[in-house]
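Here's the structure we're looking at; comments come further down.
Chains as they are written, first to last, in this note's numbering: chain A, 2 to 144; chain B, 17 to 397.
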């Protein structure tokens, strides 16, 4: 994906991943962290669900392994590619298990246990045809 | 002694009704339940109407008052209920509580849904939810559970397919089911893949449908005769902390445990179960949550025919959602209608012989890898 071209495209969901350019830091998910409870969240909630205290925005380590996944072979929603794939990823460090898109170009290379890292690209639209940036996990080692 | 009874059952065959309005289908189900019980409109104290998608698909809201007026019920409290796939069973839960609390003597529950609309596509939990924006549809959550269950417990695609085969075998004996042609494991696995590992015949079809149940106090039920006891009705919501174990719904276990405790019963006391088999894996996971088999052995349970009619614990003798179709708001009520019909020994060729206790389990909505709602209703005679 040409990073200069995607810089002006809005995110499908604001506030859950870092926006381009990515020349200094690679794309990452934005989560929350409660310092009192030592607890990570994704996405960042308004309040800590344990102490109802303040949650700080934090850039999550966005590498992990695939916990489970599936490939959607019916007509996709939101202009996503056919087929496309989604999964649950176990993130390193935070211990969060999160839902995300998987790399549609790597559908056949992703299995349970595959090491993945976050990428961001032009993927699908907003439901009315306007292009949107979406985060997705891609294999660390592309075959 | 149970504090609530079921005295009236009503249901229209589930299927495609492009020419019928939601209110028309719903009021027919209400009429059938009232006639079944021999209750007049003026005797009903409170009404609950369950529907999930009419607001989104047709722009219709607050539909219950329209439905109940069609059968002459007016002036009484009417509550419109939405709780995804458990909308109907949540309405039942509320009706149960209103009678148990002594606030009403007769309560009418109607669930109805029209899902055969052009270009419906894959159902999701709402366009503004971030997971939906990242490609999550209802079927993907079940698919990822199946993938994980297959890895951790060696559950096979054939075992998944056997759930669909069994429920269709049951469905052919149910005139209210939409799909009544038997299918084989080979046919299930050869049907087009929707979301891996599910083929089309492992995903419950859409349907239009309506079902109704009339509840009352045991005192009144005794006078009318032919009552079914409601041992308990449970509603739980999920826990959405991370990480979640995708090989089960913790909420399913929690709701089952609570239901057994409240009813003073256990899985060994059940003669039949209706459960939320929206996708084949779901039924296998519900076996485990309900304690019908040890954790991880749900695939084996269906493979060994234990959950078939005539088996140790028949599950979804109605044909389940996989045969009946899944008109969201109607499903939870339809499950109660099936259990009630069985306990009244009126189920014809799909009758579970000597059925005394039945459980209806339903589950609705997804949030952060848990369910949004789970209901358990235990009936006895």
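Note that beta-carbon positions come from the ideal geometry of N, C-alpha and C, so glycine has one too.
Because the structure is a prediction, the values reported are computed rather than measured.
I'd like to check one pair, residue 176 (chain B) with residue 470 (chain B): are the Cβ atoms closer than 8 Å?
As shown, chain B starts at 17 and ends at 397. That puts residue 470 (chain B) outside it, with no answer to give.
Please compile the residues from chain B whose C-beta is within a distance smaller than 7 Å of the C-beta of residue 44 (chain A).
The residue given as residue 44 (chain A) occupies position 43 in the first chain. Those are 146, listed as they occur along chain B.
DSSP on residue 260 (chain B), reduced to helix/strand/coil?
Here residue 260 (chain B) refers to the residue found at position 244 when the second chain is read from its first residue. In this structure, residue 260 (chain B) counts as coil in the three-state DSSP scheme.
So which residues of chain B does residue 13 (chain A) contact, with C-beta pairs closer than 8 Å?
Position 12 of the first chain holds residue 13 (chain A). 149, 150, listed in chain order.
Residues bridged to residue 248 (chain B) [DSSP beta-bridge criterion]:
Residue 248 (chain B) sits at position 232 when you count from the first residue of the second chain. According to DSSP, residue 248 (chain B) bridges with B:394.
Output the residue ranges of the alpha helix (DSSP H) runs that lie fully inside the segment 278-326 of chain B and measure 4 residues or longer, sorted by chain position.
296-305, 314-319
Taking three-plus beta-carbon pairs below 8 Å as touching, is the segment 23-35 of chain B in contact with the segment 100-119 of chain B?
no
Just curious, the alpha helix (DSSP H) that residue 182 (chain B) is in, first and last residue?
Residue numbering aside, residue 182 (chain B) sits at position 166 when the second chain is read from its first letter. In the DSSP assignment, residue 182 (chain B) falls within the alpha helix (DSSP H) that extends over 173-187.
I need the boundaries of the alpha helix (DSSP H) containing residue 165 (chain B), first residue and last residue.
By 1-based counting over the second chain, the position of residue 165 (chain B) is 149. 154-169 is the extent of the alpha helix (DSSP H) around residue 165 (chain B).
Residue 206 (chain B) - containing alpha helix (DSSP H), residue span
Locating residue 206 (chain B) in the second chain gives position 190, where the first residue counts as 1. From DSSP, the alpha helix (DSSP H) with residue 206 (chain B) extends over 201-206.
Can you look up residue 140 (chain A) in the DSSP assignment and give me helix, strand or coil?
Mapped onto the first chain, residue 140 (chain A) falls at position 139. Residue 140 (chain A) falls in the strand class under three-state DSSP.
Closer than 8 Å to chain B by CB, residue 56 (chain A):
Translated into the one-based positions of the first chain, residue 56 (chain A) becomes position 55. It does not: the Cβ of residue 56 (chain A) has no partner Cβ on chain B nearer than 8 Å.
Check whether chain B comes within 8 Å of residue 101 (chain A), counting only Cβ atoms and requiring the distance to be less than that.
Along the first chain, read from residue 1 onward, the residue named residue 101 (chain A) stands at position 100. Output row for residue 101 (chain A): interface = yes.
My output table needs one value for residue 94 (chain A): the three-state DSSP class, helix, strand or coil.
On the first chain, position 93 is the one that residue 94 (chain A) refers to. In the structure shown, residue 94 (chain A) sits in coil (DSSP, three-state: anything other than H, G, I, E or B).
Report the residues of the segment 59-85 of chain A with a CB closer than 8 Å to any CB of chain B, ordered along the chain.
68, 69, 70, 71, 72, 73, 74, 75, 76, 77, 78, 79, 81, 85
Closer than 8 Å to chain A by CB, residue 27 (chain B):
Your numbering for residue 27 (chain B) matches position 11 in the second chain. By this cut-off, residue 27 (chain B) is not an interface position.
Following the continuous beta strand (DSSP E) through residue 124 (chain A), name the residue where it begins and the one where it ends.
Along the first chain, read from residue 1 onward, the residue named residue 124 (chain A) stands at position 123. Per DSSP, residue 124 (chain A) belongs to the beta strand (DSSP E) from 116-126.
Which first and last residues belong to the alpha helix (DSSP H) in which residue 55 (chain B) is found?
For the purposes of this step, residue 55 (chain B) is taken as residue 39 along the second chain, with counting starting at 1. Neither: residue 55 (chain B) is in no alpha helix (DSSP H) and is coded neither H nor E.
In whole angstroms, what is the alpha-carbon distance linking residue 117 (chain A) and residue 106 (chain A)?
Taking the first residue of the first chain as position 1, residue 117 (chain A) is located at position 116. Taking the first residue of the first chain as position 1, residue 106 (chain A) is located at position 105. Each residue's alpha carbon lies about 13 Å from the other.
Tell me the residue span of the alpha helix (DSSP H) that contains residue 69 (chain A).
Residue numbering aside, residue 69 (chain A) sits at position 68 when the first chain is read from its first letter. From DSSP, residue 69 (chain A) is part of no alpha helix (DSSP H) but of the beta strand (DSSP E) over 64-73.
Once DSSP output is grouped into helix, strand and coil, what is the label at residue 335 (chain B)?
Reading the second chain from its first residue, position 319 is the one you call residue 335 (chain B). Of the three classes helix, strand and coil, the one that applies to residue 335 (chain B) here is coil, per DSSP.
Please confirm whether residue 17 (chain A) has its beta-carbon closer than 8 Å to some beta-carbon of chain B.
Position 16 of the first chain, counted from the first residue, corresponds to residue 17 (chain A). So, interface residue.
Residues that residue 96 (chain A) contacts on chain B, provided the C-beta gap is smaller than 9 Å
In the first chain, counting from the first residue as 1, residue 96 (chain A) sits at position 95. Near residue 96 (chain A) (Cβ distances below 9 Å), the residues of chain B are 258, 259.
Can you tell which of A:16, A:90, A:142 has its C-alpha closest to the C-alpha of residue 44 (chain A)?
In the first chain, counting from the first residue as 1, residue 44 (chain A) sits at position 43. If we check each option's Cα against that of residue 44 (chain A), A:16 comes out closest.
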